[in-house]
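For the sequence shown, our numbering assigns the number 141 to the last residue and increments by one with no breaks.
Accompanying notes for the structure given below.
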Amino acid sequence: MGRLCQNRSFQAVYRSGKSYANKYLVLYVLPNRSVNRRIGFAAGKRLGPAVMRNRLKRLLREAYRHHQEKIITGVDLVMVARQPLLKAGQDQIVKAFIELCAKAKILVEK
Numbered sequence: 032m033g034r035l036c037q038n039r040s041f042q043a044v045y046r047s048g049k050s051y052a053n054k055y056l057v058l059y060v061l062p063n064r065s066v067n068r069r070i071g072f073a074a075g076k077r078l079g080p081a082v083m084r085n086r087l088k089r090l091l092r093e094a095y096r097h098h099q100e101k102i103i104t105g106v107d108l109v110m111v112a113r114q115p116l117l118k119a120g121q122d123q124i125v126k127a128f129i130e131l132c133a134k135a136k137i138l139v140e141k
């Protein structure tokens, strides 16, 4: 899994990427000029203490890990957790993620 690690990488996706949102997540998508797919996960301080934010990011990473082969390559993604995600189960998170990917048209055509 390619990761976005540096702040400037996140900022580039926020600034130039297109955003898609639902109740649980915001997904930012920016095409890149490579064959790699990179992803970053964000949870703002409004969501609670570090333990809660890290848990949410772990759940998002897991949802992405199970479905990364369904996503096209050549994109940078940032997944941002929203408040209702705190009470959501893993199946709801996966459903919300797939829904946003479909809306963003980044799912691999079968």
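Just so it is clear, CB atoms sit at the ideal spot from N, CA and C, and this is done for glycine as well.
As the structure is a computational prediction, the values presented were derived from the model and not from experiment.
Is the stretch 48-63 in contact with the stretch 106-117, if contact means three or more CB pairs nearer than 8 Å? In the pairwise beta carbon analysis, the stretch 48-63 is classified as touching the stretch 106-117: at least three pairs are separated by under 8 Å.
Excluding the 5 residues preceding and the 5 following Val125 in the sequence, name in chain order all residues of the same chain whose CB lies nearer than 6 Å to its CB. Cβ contact annotation for Val125 (same chain, cutoff 6 Å, sequence separation greater than five): Ala94, in chain order.
Residues that Met148 bridges to, as DSSP identifies them: Within the shown structure, residues of the chain are numbered from 32 to 141, placing residue 148 beyond reach of any answer.
Within 10 angstroms of the Cβ of Asp122, are there 16 or more other Cβ atoms? Answer buried if so, exposed if not. Counting C-beta atoms within 10 angstroms of its own C-beta, Asp122 has fewer than 16 neighbours from the protein chains shown and is therefore classed as exposed.
Would you kindly check if the distance between the Cβ of Ile102 and the Cβ of Arg68 is under 9 Å? In this structure, Ile102 lies closer than 9 Å to Arg68 by Cβ.
Continuous beta strand (DSSP E) stretch holding Lys49: start and end: For Lys49, the uninterrupted beta strand (DSSP E) segment begins and ends at 49-52.
Which of the three DSSP states is assigned to Leu138 in this structure? Annotated three-state conformation of Leu138 is strand, per DSSP.
Kindly indicate which three-state DSSP category Ile124 falls into: helix, strand or coil? When secondary structure is reduced to three states using DSSP, Ile124 falls in the helix class.
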